[in-house]
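Count along the sequence shown from 1, then add 284; that gives the number in the working numbering.
Every residue gets a Cβ at the ideal spot worked out from N, C-alpha and C, and that includes glycine.
Keep in mind that this is a model prediction, so the values were computed, not measured.
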Amino acid sequence: MSRTNLLDRRQVVSCLLAERKDAIVIGGLGASTYDIAAAGDHARNLYLWGAMGGAVMIGLGLALAQPKLPVVVITGDGEMLMGMGSLATVGLQQPKNLTIVVLDNECYGETGGQASHTAGGTDLVGVAKACGIAEANSMTTMAEVEAFKGSLQNVSAGPRFASIKIDGANLERALSSRDGAFIVNRIRGALGFQPI
């Protein structure tokens, strides 16, 4: 696909979360968290302002702890590359309610836009499949994203993995609270637990 025909990251995330219902959404480091906040702050959003490489493992923990709720991790290719071992653990655990979405712009946007390994041919979908995630797909069109978004609510047929090719636009940051205690207590409350 031509680098000029890549998808708009905010449009992709907005589409995915438009009908999120009671889904728990974990945002990876940097731009994916800003994209989730831009789509609308929500009590069941868990923003990772740091912790590069940890989004999928946090999503896995929440999926195992809340098996009746859809859990969606939205992260970037750089973070997914850093936490690639998490895909093997997801493949082993097979949480049926977990969806992992990688926004792949083929660069490390938070550190200056250096080319990531996906720009050099690393196939994250192939890695996910090799780790035991049978439903793993690459998407390059909004029609594919639209068709995929309904599966985010499915809590009986996962895990799912999608690598979505996006443009490398450096968009204005959409910030919600960066207070870790607030974010954790808010999501705990939304899930029916007492604040810590």
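**OP:** Pull up the distance between the alpha-carbon of S422 and that of T406, whole angstroms please.
**Re:** The residue you call residue 422 lines up with position 138 of the sequence shown. The residue you call residue 406 lines up with position 122 of the sequence shown. One C-alpha to the other measures close to 13 Å.
Subject >> Same chain, Cβ closer than 6 Å to V254, neighbours up to 5 away in sequence not counted >> reply: The structure shown does not extend to residue 254, since the chain is modelled only from 285 to 480, so the question has no answer here.
Subject >> V374, buried or exposed, once every other Cβ within 10 Å from all chains shown has been counted against 16 >> reply: Here the question's residue 374 lines up with position 90 in the sequence shown. Buried, by the Cβ-count rule.
Subject >> Pairwise C-alpha distance: F477 and G404 >> reply: The residue you call residue 404 lines up with position 120 of the sequence shown. The residue you call residue 477 lines up with position 193 of the sequence shown. Whole-angstrom Cα-Cα distance: 44 Å.
**OP:** Helix, strand or coil for I456, going by three-state DSSP, please let me know.
**Re:** One-based indexing of the sequence shown puts residue 456 at position 172. Note that residue 456 corresponds to Glu in the displayed sequence, not to Ile. Coil at E456, not helix or strand.
Subject >> Identity of the residue in L459, G343, V356 nearest G324 by Cα >> reply: Position 40 of the sequence shown holds residue 324. Of L459, G343, V356, the smallest CA-CA separation from G324 is found for L459.
Subject >> Cβ neighbour criterion (16 or more within 10 Å) applied to R470 >> reply: The residue given as residue 470 occupies position 186 in the sequence shown. R470 is buried by the Cβ-count criterion.
Original post:
Any heavy atom of the ligand MN closer than 7 Å to the CB of A322?
Top reply: For the structure depicted, the ligand MN is absent and the ligand set is empty, with no information on it obtainable.
Original post:
Terminal residues of the continuous beta strand (DSSP E) containing F445?
Top reply: Here residue 445 corresponds to residue number 161 of the sequence shown, with the count starting at 1. Annotation for F445: the continuous beta strand (DSSP E) segment containing it runs 444-449.
Original post:
CB-CB under 8 Å to I450, same chain, minus the five flanking residues each way: which ones, in chain order?
Top reply: The residue labelled residue 450 in the question sits at position 166 within the sequence shown. Setting aside the 5 residues that flank it on each side, I450 is surrounded in the same chain by L290, L291, D292, R293, V296, L387, D388, N389, each with a C-beta closer than 8 Å to its C-beta; the list follows chain order.
**OP:** Please determine, among A418, A372, L332, the residue with the shortest C-alpha to C-alpha distance to S316.
**Re:** Taking the first residue of the sequence shown as position 1, residue 316 is located at position 32. Measuring from the Cα of S316, the nearest candidate turns out to be L332.
Subject >> Simplified DSSP assignment, three categories, for T383 >> reply: Here residue 383 corresponds to residue number 99 of the sequence shown, with the count starting at 1. In the structure shown, the three-state DSSP call for T383 is strand.
Original post:
On the premise that L348 lies in contact with Q552, defined as a C-beta separation below 8 Å, what is that separation, rounded to the nearest angstrom?
Top reply: No information on residue 552 is available, as it lies outside the stretch 285 to 480 that the chain covers here.
**OP:** Taking all protein chains shown into account, decide if S286 is buried (16 or more other Cβ within 10 angstroms of its Cβ) or exposed.
**Re:** The residue you call residue 286 lines up with position 2 of the sequence shown. Note on S286: pLDDT 40, under 50, position unreliable in the model; the coordinate value appears next. Its Cβ having fewer than 16 others within 10 Å, S286 is exposed.
Original post:
For L330, which of C299, T359, E303 has the nearest alpha-carbon?
Top reply: The residue you call residue 330 lines up with position 46 of the sequence shown. When each option's Cα is compared against that of L330, the closest is T359.
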